[in-house]
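Below is one structure; the comments refer to it alone.
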Amino acid sequence: MNFKAQLRIVISEFQKSIKIWLAYPILLVFWVIAPLMWLLPFIFQGKALVGGMHSEAFKNLTGSPNYLPFVLIGAMVSTYIFSGLWGVGNSLREETYWGTLEYIIASPASPILVLLGKTLAEFLYASVNVGLQALLATLFLGLNLTITKILPVLVIVLLLVIGFYGFAIAFAGLTLLIKEAHGWVHTIEWVFYLFSPIRYPVEVSPITKTLSALIPLTYALVAIRTIILLNKNLGDLHKIIFILLIMDIVLLLGGYIIFRLSERRTKVAGTLGQY
Amino acid sequence: MNQSLRNLLKEWFAKAKHYLRAIWLENLKEWKIELTYKPDFIRGLIDPLVYALPYLLYGIALVGGRTSENLNRLVGTNDLITFVTLGYIFVGFLNMALWAMGFALRKEQHWGTLEAVFAAPVPRWVFALGMALHSTLHQGLMIFLQIIVINLIFKLTIHPQGILPSLVVIGLMLIALYGFGLMIASLTLILKQGWLVSEALSGIMMIITPIAYPLSVLPVFMQKAALFLPTTYGVMTVRHFLIGEQMGFSLWTSFLRLVILGIFWVGVGMLIFEIIDRRTRRSGTIAHY
């Protein structure tokens, strides 16, 4: 199959995914608002525990005493992760429910190309969500997000999602084997909440601090918060950028290999059509 | 006692026995299905613990320890770990009403068994109550494990004499939540993609129920809305019994309002369930996805 034909598969899958999204416009509204709404308990908890919006103990851990932007940034950046987990990682399981998985696997197109189309659509959808969330956070919650900070933040986001989509592709392959993946997606989601600094600084416990070092999201969140809250630039973050690059290579390669192995094993076992 | 009254009572007892058996069998069916997927079942038991920990660690990060002077000033207890853990138990009960009960009918629809269940010779609410019984037992197990593990990690400090009255409070609260769950379950019959309703409602209820913070830190309109939720009284009264939270209203008021909310939500739940059930049968949309 030549490059043009492969590109057409990616574009067609991208268009299909976008069409499905656009069929449910209420979902876009929901996913813009929900992550910000889920933050409110953390804001109220902060008010209850420290009596205001600043905490010295928090500053000792994060460098910034203000916990609101900390949790806001965590919510926005994690949107990419969770949309990738559901939209890419769980996507083949969705195709099973729609009754279209067998057609995809049996077609001459590589499922990796199909997943690439889904990944691009998911990235666009998540970017629209995060863009609108950032707008709301800047207008109503006082997040200081200037134009000069957006470009370096985008570089870090790209480094984060490239590796993460590798992980999501591996997970999509595993769903062919384990079938009922819904609960596992939830568990992975909460592992991210627990072992990466989405909602709290992981430095608070040596266990969470150690385990968080294995998750790319940790490095991305530290870098993005350093840019936005501590006014640093990309030059100050070369170490984190290097770690993210290495993680991207490992996750992309690992993701591809795991997907191929899972796909082959499912075909050999003849369990593709099973639920 | 005359013959006709005796017959009436006999008939009533036979019917109640029939309904109770149906409720029990529905509960058993759910356990069997869940235990078929053992890894998923075990994962589900761990989930509530993982849900609660970020709230606890966030609290520790904010105050630099497990005690908060501001919390003490607001509710009369400074131990944020026990305060938040006890509050978080109620998330399990909220999930029970909004997800487990709320999705009872939608699940049957996915499995292709809704029509068969609806054709059975028992009222539909009996079926929903079977689901409620199962999810109460399941949530109870999950909450029990959650408390044990958090206690092992953080050592919770509670007044043991408050356990029994707390269970009474939870029992009263559950009645109201069953009514709420019944309403959500019926809504999924007309909305089909009802997860969005459950997701939105659970988001709102998680915010206005004072789980990880006292009611007084919420904006006034949220405080007023919280007074219509049984979980507000449940969480505050249980914490009052177990760690001495100052509630801002008397115990008598709390019990009375829980009873009123129980009657209200069960009434509303059954009414809406009945209306929607009739409407979907008339419009012939039960089988629609």
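For the record, the sequence lines run as chains C and G.
Here the working numbering is used: the first residue of the first sequence is 148, the next is one more, and so on.
Here the working numbering is used: the first residue of the second sequence is 45, the next is one more, and so on.
Glycine included, C-beta positions come from ideal geometry on N, C-alpha and C.
Remember, predicted model here, so these are calculated numbers, not experimental data.
Neighbouring residues, chain G, relative to Phe-406/C (Cβ below 7 angstroms)
The residue labelled residue 406/C in the question sits at position 259 within the first sequence. Under the 7 angstroms cutoff, chain G gives no residues; its nearest Cβ is about 21 angstroms from Phe-406/C.
* Can you list, in chain order, the residues of its chain whose CB lies under 8 angstroms from that of Val-128/G, leaving out five sequence neighbours each side? -> The count along the second sequence starts at 1 and reaches residue 128/G at position 84. For Val-128/G, where only same-chain residues beyond five positions count, the Cβ hits under 8 angstroms are Ala-96, Tyr-99, Leu-100, Gly-103, Ile-255 and Ala-256.
TODO: Could you name the residues of the stretch 222-247 of chain G whose beta carbon sits closer than 9 angstroms to any beta carbon of chain C, in the order they occur along the chain?
DONE: Gln-237, Leu-240, Glu-243, Ala-244 and Gly-247
Verify the CB distance criterion: does Asn-207/C have a CB-CB separation below 9 angstroms to chain G? Here residue 207/C refers to the residue found at position 60 when the first sequence is read from its first residue. Asn-207/C counts as touching chain G.
Q. Is the Cβ of Gly-468/C closer than 9 angstroms to any Cβ of chain G?
A. The first residue shown for chain C is 148 and the last is 422, placing residue 468/C beyond what the model contains.
Open item on the list: Does His-203/G come out as helix, strand or coil in the three-state DSSP assignment?
Closed with: Position 159 of the second sequence, counted from the first residue, corresponds to residue 203/G. His-203/G: coil per DSSP, three-state reduction.
* Using the C-alpha atoms, what's the distance from Phe-191/C back to Pro-182/C? -> For the purposes of this step, residue 182/C is taken as residue 35 along the first sequence, with counting starting at 1. For the purposes of this step, residue 191/C is taken as residue 44 along the first sequence, with counting starting at 1. Distance between the alpha carbons of Pro-182/C and Phe-191/C: 15 angstroms.
(request) Can you give me the Cβ contacts of Gly-236/C inside the same chain, cut-off strictly under 6 angstroms, excluding the 5 residues immediately before and after it? (result) Working through the first sequence from its first residue, we reach residue 236/C at position 89. Contacts found: Ala-315, Phe-318 and Ala-319.
Taking the alpha helix (DSSP H) that Val-166/G belongs to, which residues open and close that run? By 1-based counting over the second sequence, the position of residue 166/G is 122. Val-166/G -> no alpha helix (DSSP H), and no H or E assigned at all.
Legend entry - CB of Leu-177/G within 9 angstroms of CB of Ile-67/G, strictly: Position 133 of the second sequence, counting from 1, holds the residue named residue 177/G. Position 23 of the second sequence, counting from 1, holds the residue named residue 67/G. Yes; because the gap between Cβ atoms is below 9 angstroms, this pair is in contact.
Worksheet item: Which chain G residues sit within Cβ distance under 8 angstroms of Val-308/C?
Response: Here residue 308/C refers to the residue found at position 161 when the first sequence is read from its first residue. Here the premise fails: no neighbours, minimum Cβ distance about 23 angstroms.
Check: Beta carbon of Ile-192/G, beta carbon of Met-184/C: below 9 angstroms?
Finding: Numbered from its first residue, the second sequence carries residue 192/G at position 148. Numbered from its first residue, the first sequence carries residue 184/C at position 37. Contact: no.
Distance check for Lys-268/G and Pro-258/G, CA to CA, integer angstroms please. Numbered from 1 along the second sequence, position 214 holds the residue referred to as residue 258/G. Numbered from 1 along the second sequence, position 224 holds the residue referred to as residue 268/G. Each residue's alpha carbon lies about 14 angstroms from the other.
Review point. Just curious, the alpha helix (DSSP H) that Val-351/C is in, first and last residue?
Key: By 1-based counting over the first sequence, the position of residue 351/C is 204. No alpha helix (DSSP H) holds Val-351/C; DSSP gives it neither H nor E.
### Message
Assess contact between the stretch 258-265 of chain C and the stretch 360-374 of chain C, defined as three or more Cβ pairs (one per stretch) separated by less than 8 angstroms. Is contact present?
### Response
no
(Q) Comparing C-alpha positions only, which one of Gly-401/C, Asn-380/C and Leu-208/C sits nearest to Ile-303/C? (A) Position 156 of the first sequence, counted from the first residue, corresponds to residue 303/C. The option with the nearest alpha carbon to Ile-303/C is Asn-380/C.
* Asked: Which residues, taken in chain order from the stretch 101-127 of chain G, show a beta carbon closer than 7 angstroms to some beta carbon of chain C?
  -> Leu-101, Tyr-102, Gly-103, Ile-104, Ala-105, Leu-106, Val-107, Gly-108, Ser-112, Asn-114, Leu-115, Leu-118 and Leu-124
Self-check item: Neighbour list for Ile-255/G in chain A, Cβ cutoff strictly below 8 angstroms
Solution: Among the protein chains in the structure shown, which are C and G, there is no chain A.
### Message
For Ile-202/G and Gly-136/G, I'd like the C-alpha separation in whole angstroms.
### Response
Indexing the second sequence from 1 puts residue 202/G at position 158. Indexing the second sequence from 1 puts residue 136/G at position 92. Going from the Cα of Ile-202/G to the Cα of Gly-136/G covers about 20 angstroms.
On the premise that Leu-185/G lies in contact with Leu-93/G, defined as a C-beta separation below 8 angstroms, what is that separation, rounded to the nearest angstrom?
Here residue 93/G refers to the residue found at position 49 of the second sequence. Here residue 185/G refers to the residue found at position 141 of the second sequence. Rounded, the Cβ-Cβ distance is 13 angstroms, inconsistent with contact.
### Three-state class that DSSP yields for Thr-253/G in the structure shown
Along the second sequence, one-based indexing puts residue 253/G at 209. In this structure, Thr-253/G counts as coil in the three-state DSSP scheme.
message = When you compare the CB of Met-394/C with every CB in chain G, is at least one pair closer than 9 angstroms?
response = As a position in the first sequence, residue 394/C is number 247, starting the count at 1. Not an interface residue.
Should the stretch 138-153 of chain G be called in touch with the stretch 233-248 of chain C, which here means at least 3 C-beta pairs below 8 angstroms?
no
Problem - Segments of 4+ residues assigned as alpha helix (DSSP H) that fall wholly inside the stretch 150-222 of chain C - result: 150-169, 172-184, 187-197 and 203-209
### Task
Would you tell me roughly how many angstroms separate the C-alpha atoms of Leu-181/G and Ile-86/G, rounded to the nearest one?
As a first step, residue 181/G must be located in the second sequence, where it is residue number 137. As a first step, residue 86/G must be located in the second sequence, where it is residue number 42. Distance between the alpha carbons of Leu-181/G and Ile-86/G: 15 angstroms.
field: Which listed residue (Ile-319/G, Ala-244/G and His-62/G) has its alpha carbon closest to that of Ile-173/C
entry: Sequence index remark: in the first sequence, residue 173/C carries index 26 (1-based). Ranking the options by Cα distance to Ile-173/C, first place goes to Ala-244/G.
| request: Could you tell me which chain G residues have their CB closer than 8 angstroms to the CB of Trp-337/C, listed as they occur along the chain? | output: To locate residue 337/C, count along the first sequence from 1; it is residue 190. Near Trp-337/C (Cβ distances below 8 angstroms), the residues of chain G are Asp-91, Val-94 and Tyr-95.
Quick check on Val-197/C - is its C-beta less than 9 angstroms from some C-beta in chain G? For this step, residue 197/C is matched to residue 50 along the first sequence. It does: the Cβ of Val-197/C has a partner Cβ on chain G nearer than 9 angstroms.
Practice item. Throw me the rounded Cβ distance for the Leu-399/C and Gly-264/C pair, which I believe falls under 8 angstroms. Key: As a first step, residue 399/C is located in the first sequence; it is residue number 252 there, counting from the start. As a first step, residue 264/C is located in the first sequence; it is residue number 117 there, counting from the start. Contact doesn't hold; Cβ gap of about 17 angstroms is too wide.
### Task
Output the distance between the C-alpha atoms of Met-291/G and Leu-208/G, rounded to the nearest integer angstrom.
Taking the second sequence and counting its residues from 1, the one referred to as residue 291/G is at position 247. Taking the second sequence and counting its residues from 1, the one referred to as residue 208/G is at position 164. Cα to Cα, Met-291/G sits roughly 19 angstroms from Leu-208/G.
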